[in-house]
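First comes the structure, then the notes that go with it.
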Amino acid sequence: MKTAAKTYTSILFTFIISFIVALNEASATHSEGADLTYKCLGGNQYELTVSFYRDCHGVNAPAAATVNFSSVSTNQSFDLVLQPIPGTGQEIPIVCSTALTECQGGTYPGVQEWVYRRVVTLSPAIDWVFSFDLCCRNAAITTIVNPGGQNIYIESTLDNLNFPCNSSPVFSTKPVPFVCINQKNTFNHGANDPDGDFITYELITPMNGPNSTIVYLNPYTPFQPLTSNPLMQFDTVTGDINMTPTMMEVTVLAVKVKQWRNNQLVGYVIRDIQLRTMNCANTYPYISGISATWSFISNACVGANLTFNIYAHDLDTSQIITMTWNNGIPGAAFTITPGPTTSGVFSWTPTANDIGTHCFTITVKDDNCPINGSQTFSICLIVSEVNVSVTTINSNCGASNGSAAATVSGGSPSYNYQWLPCGCHNNPLNGLSAGTYSVIVTDSKGCTAVNTGTVVNGSAPGNVNMSFTPVSCLGGNDGTAFANGNGGQPPYTYSWANGDTTQTITGLSAGNYVVTVTTGQGCVKKDSITLIQPTQLAAFVSNTDALCFGANSGTASVSASGATPPYTYQWNNGHTTQSVTGLASGNYFVTVTDAKNCTNIQHVFIDEPALLTLSIFSQNNVTCFGGNSGTATVAAYGGIAPYTFQWFPNGEVTASASGLSAGTYSVSVLDGNGCTKMITCTITQPSALSSTIRSVPATCYGNSTGTAAVTAAGGSAPYTYLWSNGGTTAQISNLTSQAYSVTITDMYGCSHINTIVITQPTLLSAIITNIQNVSCNSLSDGTASVVANGGTAPYQYAWSNGQTTSGASALISGTYSVVISDANGCAAIASATITQPDAISVTVGAGSTICPGQNTSIHANTFGGTTPYTYFWQPNVGFGNVQTVSPAATTTYTAIVTDANGCIGTGAATITVHNNNFSLSANATPGICLGQSATVSATAIGNNITNYFWNNNLGNTAGPYVVSPLTTTLYSVTAYNVCGVAAIATVTVVVHPLPQINISPQSVTDCGRAVLHFSDTNSANNGSTYVWNFGDGGTSFQQNPIHSYYQTGVYTVNITVTSPYGCSSSAHAVFTLDIFPYPAANFTSDPPLETSIINPDFHFFDQSVNTTIWNWDFGDGDTSSLQNPFHTYGQVGIYTVRLITKNAGGCVDTILKTIEVKPEFTFYIPNTFTPNGDHLNDFFTGKGLEIIEFEMNIYDRWGNKIFQTNDLMNGWDGKANGGSEIAQQDVYVYMVKLRDFEGTEHTYNGHVTLVK
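Take 8 as the starting number for the sequence shown in this note's numbering and just add one per residue.
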């Protein structure tokens, strides 16, 4: 199963918001945070310090600080005024040097530290309380009720009766953190206790007075005072506050810092902290833990130097990181090396006085502008000490029966023991001879202790000298062994492991024989001797097989070694020499005998190769008639490779013959042993390639309607064709008149060429021979005729007016074309143009508009036709071309003109009499968006409008005019006709506002993907449409979309908002996304996932990808942070091994695998026991592991059962059939039946010697 940590980052886009507004709220308050600490000066004098942190956007800091001192036990309560120290009011460096804060008259947030101090003498009391109370908190706080109306209250306690001259902790980290949203951040107090007291931390509700606290807005609490994903975490040992804010807020929290000495509370200090979150493109610097292990806790041992490296990192590689530490551990050194990768080296050798937990802090700060990125991290060291003492028990009789035991105190169980000089790891250490033994004890934290003990010798043990006679043959039983005791106090008694009690034992096979020699003082000395025997008579047969199938050319030879030379040989075919020859295929046996008649029989098989056979593996015939492209390949089987080849008659000597013409060929094959075989093959060829060709002429002169076709024969179909014009088929078409050749190629590339000529008729032409023009304009009495030449008769005619004879008549003026088509469809075109005289054109000119009662003249002008012209007017006002008229109403006058040929033309003119009745309207674009243009215009219904006047000087015409008003505007227009009559109209242009958008750039770090929430909370945009472009190809049309990014990069997000009126606004922001790939956890082990309890040692091998941190849980309570750890399991069982991996981006993956430590069945049984009541070896039974059922029967030398037990722990006490006396010294037979944990039965039979 795998799990992966996921972080979802929500980014809120709001309208009309900016970084400066978010950090500069209007407020008349000023309190951002405060500390109240004290320092013992000796003689009951204490220096009290109030550190007050002022928001430069608020009012001034107080001129002095009043602290209340109270003790209930001594009935004291009084106030003292603390004065500001010289030079106080310094600004805390939050921004870079080039950015101006509000403290300096700029716009960036600024905070000043005001320090007030006074020395006071305090009588001893167990319950001193110092408190500081000031109005008011910062009104910009967003997480509590009525922030501007809340006091800030802090207090510290002192017990100077039980803990004289105690000083409070001091803090290097100011209580006014500025934190970037969507970034992981750690806030640490940088606490240091001058007295070396142990410090713990507790989150409490910020106070606004004695025993009075502020109230958080829902959903905020003292333990979750800000919006963070994941939730804010608080470490009570280090005081670390870990958070990933997700929105811009100003919040407050309070931390009670407690001092402990010998598990007793010494006092506490309450810190009041204001925390601001903000949008920033900068990423925080960070450290990678102890020696880049991502661990911030380490163990230390008393007296052992601890040195490790701390490395600073920043994803913004161009920034310079500054590293500092708080000197939190007295006597320790921290050496900082600035550079491209700032680092520090910590070194400390703790003493016995340092046992316990000690923490120090490291602060890393970048030089980002305008807001510096800073984080403080805690590193804790747990100091422990191990002590060991050694007790010993002396040995006696010179035996290894002494012991040494180590007793450990202190340190952290479990303990590892290493004894020297043996390197043993058990405790106690038994079976020791005289000597000095040292033990090194290592606890689970790696701390060590060393001590020594001495084991002293007892009485002299005596010595044993032994000799033997070896066994004659391997596996024989004619050996002897002899033992002789000396060096001790006689007399000596002898007890052999096989039951004999004499100095010399006989009839022995090879093996180890143990004798126990007891001196007159009762000291026991054991020794053993190993009876040897000759080595195994070894024989090795070599042979050569028959060379050819059915031949008798095999040989065999035997070589002997070991046992006792010389050797003799006997073959089953009667030969008595070491080597034999002339052997056919078959089985042969040889008996080898050494000088002591030990024998060894060996077998050998003489083989023969398979019968040599041949086949024509592949054959390619000649592809073109008369060619030599044939090939043949022979395949040989059987016999002995390699093969040699000889082709006839062409003489080639490889398996393949090439360049063959048609014919019969044979090949002879000779194998590696000289065996031969022959085979033949026949190569064929196709007939000669030929063709016939034919054609069809072109139908018209110069066209491409000819065809040609070829038919191929012979060769090897299919055929391909290539004509001289590029054609590739057997028949080609669309050919012009010329010669064409074709190349025919068969399937094997054989080719043949043939040629043919395409013919064509003469060129067809059309000639116009007679034209008669139109006599009068618009008449149709024109004629034209055409004559055809060339082509192929008969001919057809097609005039453009539809006539189909060689002559066309009744033609009007114009150009006519005629198409002549011959019998083959060939065509020729000619054209004829018929003309006509110009039409009579009459124009009448006069004053077109008059007022009622006025007169005007009209006159006719004539063009075209044939002069002279005659005129007639309608209505009848005369016969000349000029007339004077005075109509009462608008009238049209027509002049009728006749030319010399009787052609008639007309012309007319209208005399308009003004009408003073007209109407006026104004028009405009109904609505526009701010920044767009509209058109306005006037429309008059009536005649004779002469002028327009617009109220805002647009012009003096009806328009249209283009206008761009910033607000909704009324436009007015006045129109006048020729008689001076006026009309007025108005129209309004409505201006719609643009949607308002502001997008802030963001920087996001996430795992696997970043899920960004985009939101529009401006109610003024209700009903608008949205177009989002997320910079990675993704788009959305939702108002509040959610989009996932999967790749690290810089993305430009664009948004276009269109209101219901069609008004659009666009904006964009740049997002920097650091998306770390998830690690892929995996591992293997050696052994692979299962083993037995005999060897429960595993070596785990990390196979993970994208991983920098490893956390192993072996399933038995032990863990490791090594990449490839070793682990030993102490018990049989099934264990789940969990590997949690983490990379530099904090992304996590987990894998679980099951391993099994199986039980191991073992069983041992001795061959001698001494039931003499000395409590040493008094019972005969076996020993083993994982035994489920057990049964043992003892038989005497006559086969009588004399003892039975089903209890492995209840062995034979040496008594027969439950008698009261020990049975006689003898060799007895045992039979053991048992069943192991897997249900498998085992049977053991053997001899046991009862020695009295």
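Cβ atoms here follow ideal geometry from the backbone N, Cα and C, with glycine treated the same way. Small disclaimer: the values here were computed from a predicted structure and weren't measured.
Excluding the 5 residues preceding and the 5 following residue i in the sequence, name in chain order all residues of the same chain whose CB lies nearer than 6 Å to its CB.
| i | result |
| --- | --- |
| A617 | G645 |
| C757 | C631, L696 and G722 |
| I1201 | I1209, F1210, W1219, Y1235 and Y1237 |
| R283 | F185 and V257 |
| H365 | I336 and L388 |
| A29 | Model confidence at A29 stands at a pLDDT of 31, short of 50, so the residue's coordinates are unreliable; what they give is reported in the following sentence. Around A29: M255. |
| H196 | F178, T180 and G246 |
| T869 | V849, Y876 and V904 |
| S84 | S77 |
| Q543 | L481 and G569 |
I'd like the list of long-range same chain contacts for residue i, defined as Cβ closer than 7 Å, with 5 residues on each side in sequence excluded.
| i | result |
| --- | --- |
| S568 | A545 |
| L224 | T150, I151 and V152 |
| A12 | Model confidence at A12 stands at a pLDDT of 30, short of 50, so the residue's coordinates are unreliable; what they give is reported in the following sentence. Closer than 7 Å at Cβ, skipping near neighbours: C1014, C1154 and V1155. |
| Q1232 | G506, L1257, V1258 and K1259 |
Alpha carbon to alpha carbon, how far is residue j from residue i? Give it in angstroms, no decimals.
| i | j | result |
| --- | --- | --- |
| F26 | E256 | For F26, the predicted structure reports a pLDDT of 29, less than 50, and the residue's modelled location is therefore unreliable. A value from the coordinates is still provided. Approximately 12 Å between the Cα atoms of the pair. |
| Q97 | I1082 | 40 Å |
| Q90 | C143 | 20 Å |
| T525 | L439 | 20 Å |
| Y1053 | P1086 | 15 Å |
| V611 | K603 | 25 Å |
| D373 | N379 | 6 Å |
| F1030 | G65 | Residue identity check: residue 1030 is Gly in the sequence provided, not Phe. Looking at the two C-alpha atoms, the distance is approximately 41 Å. |
| T897 | N862 | 12 Å |
| N1184 | G417 | 40 Å |
| D678 | N594 | 25 Å |
| A800 | D845 | 42 Å |
| S34 | P420 | Reliability of the predicted coordinates at S34 is poor, the pLDDT of 34 falling under 50, and the value obtained from them is presented with this limitation in mind. Each residue's alpha carbon lies about 59 Å from the other. |
| I386 | I304 | 6 Å |
With 16 as the cutoff for other CB atoms within 10 Å, does residue i come out buried or exposed?
| i | result |
| --- | --- |
| I18 | For I18, the predicted model reports a pLDDT of 26, less than 50, meaning its position is unreliable; a value from the coordinates is still stated below. I18 comes out buried. |
| V102 | buried |
| L1096 | exposed |
| E162 | buried |
| I1195 | exposed |
| E1228 | exposed |
| E1163 | exposed |
| T16 | Reliability fails at T16, whose pLDDT of 26 lies under 50, so the model's placement of it is uncertain and no value is given. |
| R278 | buried |
| T811 | exposed |
| K684 | buried |
| L667 | buried |
| V1182 | This sequence places His at residue 1182; Val is not what is there. Exposed, because fewer than 16 other Cβ atoms sit within 10 Å of the Cβ of H1182. |
| N924 | exposed |
| A563 | buried |
| L977 | exposed |
| H1050 | buried |
| C682 | buried |
With a threshold of 8 Å on Cβ separation, who are the neighbours of residue i within its own chain once the five nearest residues in sequence on each side are excluded?
| i | result |
| --- | --- |
| T913 | V849, T901, A902, I903 and V904 |
| V222 | I151 and V152 |
| S1262 | No information on residue 1262 is available, as it lies outside the stretch 8 to 1259 that the chain covers here. |
To the nearest whole angstrom, what separates the beta carbons of residue i and residue j, a pair I think is in contact under 8 Å?
| i | j | result |
| --- | --- | --- |
| C1070 | H999 | 5 Å |
| Y708 | T769 | 6 Å |
| S445 | T459 | 5 Å |
| S174 | D202 | 6 Å |
**OP:** Could I get the ranges of all uninterrupted alpha helix (DSSP H) runs contained in the segment 236-264, with 4 residues as the minimum, in chain order?
**Re:** You should have found no qualifying run.
Original post:
Which full runs of the beta strand (DSSP E) of 3+ residues lie inside the segment 570-615, going along the chain?
Top reply: Contiguous beta strand (DSSP E) elements confined to the segment 570-615 occur at 575-578, 586-590, 593-600 and 606-613, taking only those with 3 or more residues.
Original post:
Can you list the beta strand (DSSP E) stretches of 3 or more residues lying completely in the segment 1157-1233, in chain order?
Top reply: Within the segment 1157-1233, the complete beta strand (DSSP E) runs of at least 3 residues are 1169-1171, 1190-1192, 1194-1202 and 1208-1212.
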